[in-house]
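One structure is given here, and the rest of the page talks about it.
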Amino acid sequence: MRVFVALDIPDEVREAIRSLIGQLEKNCRGARWAHVEGMHVTLKFIGEVPPERVGRIQAELAAVRSDQPVELSFRDVGFFPNERHPRVFWAGITATPNLTELATEVERRMESLGIPREQRPFRPHLTLARFKSEEGLERLREALRDFKSLEFGSTRTREFHLYQSQLKPRGAEYTRLATFCFTPVKESPNSIKAGAT
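Count the sequence shown with the numbering used here and you get residues 39 to 235, in order.
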């Protein structure tokens with residue numbers, strides 16, 4: 039099964055990004071636009087693992103801790119690797135330092151299970167589109183100049199999740215396998231909740 043670790047984003051952020059994509063997608067036919075429903079802040083893409091290993095993965099994730107909740111703000115957009123010949127169009131995320139610390143701890147714990155460490159530096163973002171070609175790219179860049187500022191919202195969270203990703207003809211379908219509270223909450227004695235969406 040194909041799994042990854044991620045934070046959820048609030049509905050109001052999702053709706054703001056949906057509105058932006060709705061205004062931009064007609065400008066760039068060379069882009070394959072993301073499904074807003076499936077957007078997450080990915081901490082670690084684990085990839086394919088045998089189902090029998092999921093229990094060990096969950097046990098390691100349940101031990102990840104931070105003293106404070108993570109605070110995230112979603113704003114601005116950009117291109118990877120650059121604006122002239124991009125592969126990805128993204129929305130930016132600024133966060134408290136413990137977001138990177140969480141990602142680093144998740145990497146360390148997954149590596150202890152033999153899961154390879156991500157070689158690229160952790161750069162939190164939401165992928166809005168991937169480019170199949172550069173058709174319409176200049177029109178997209180021109181359309182972006184009309185936006186004075188791009189603020190999508192913010193959130194504060196104590197939880198991250200283990201998701202299963204199943205590739206379907208209409209795109210990836212995500213199932214939440216478990217939820218992990220990474221900072222102490224007095225009213226919740228359990229640090230892991232099983233569940234599916």
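The beta carbon of each residue, even a glycine, is placed where N, CA and C say it ideally should be. The structure presented is a predicted model; accordingly, all values stated were derived computationally and were not measured.
If E145 sits next to R155, beta carbons under 8 Å apart, how far is it from one beta carbon to the other, in whole angstroms? R155 and E145 do touch by the CB rule: their CB atoms are close to 5 Å apart, below 8 Å.
Measuring only the C-alpha atoms, how far is V92 from Y201? Straight-line Cα distance between these residues: approximately 11 Å.
Where Q202 falls: helix, strand or coil (DSSP): Collapsing the DSSP output to three states places Q202 in a strand.
Any idea what DSSP makes of A100, helix, strand or coil? The answer is coil: DSSP assigns A100 none of H, G, I, E or B.
Who are R40's beta bridge partners in DSSP? In the DSSP secondary-structure assignment, R40 is bridged to E86.
Quick one: Cα of A44 to Cα of R183, how far? Each residue's Cα considered, the two are about 31 Å apart.
To the nearest angstrom, how far is the alpha carbon of L62 from that of T134? For L62 and T134, the distance between alpha carbons rounds to 30 Å.
Relative to the C-alpha of M148, which residue among E53, R67 and Q96 is closest? Looking at the Cα atoms, Q96 is the closest of the given residues.
So which of P207, E172, P107 and R70 has the shortest CA-CA distance to N136? For N136, the nearest C-alpha among the options comes from P107.
Name the one or two DSSP bridge partners that I131 has. Beta-bridge pairing links I131 to F112.
Using only the alpha-carbon positions, how far apart do G116 and A100 sit? A straight-line Cα-Cα distance of about 34 Å links G116 and A100.
For H199, count the other beta carbons within 10 Å of its own beta carbon; 16 or more makes it buried, fewer makes it exposed. Which is it? Buried.
Do F190 and F127 count as a contact pair if the criterion is CB distance below 9 Å? No. Outside cutoff.
L220 versus R103, L175 and S171, residue with shortest Cα-Cα distance: Note that residue 220 corresponds to Phe in the displayed sequence, not to Leu. Looking only at R103, L175 and S171, the smallest Cα-Cα distance to F220 is reached by R103.
Proximity winner among L110, I153, R168 and G60, relative to R70 (alpha-carbon distances): Here the closest residue by C-alpha is R168.
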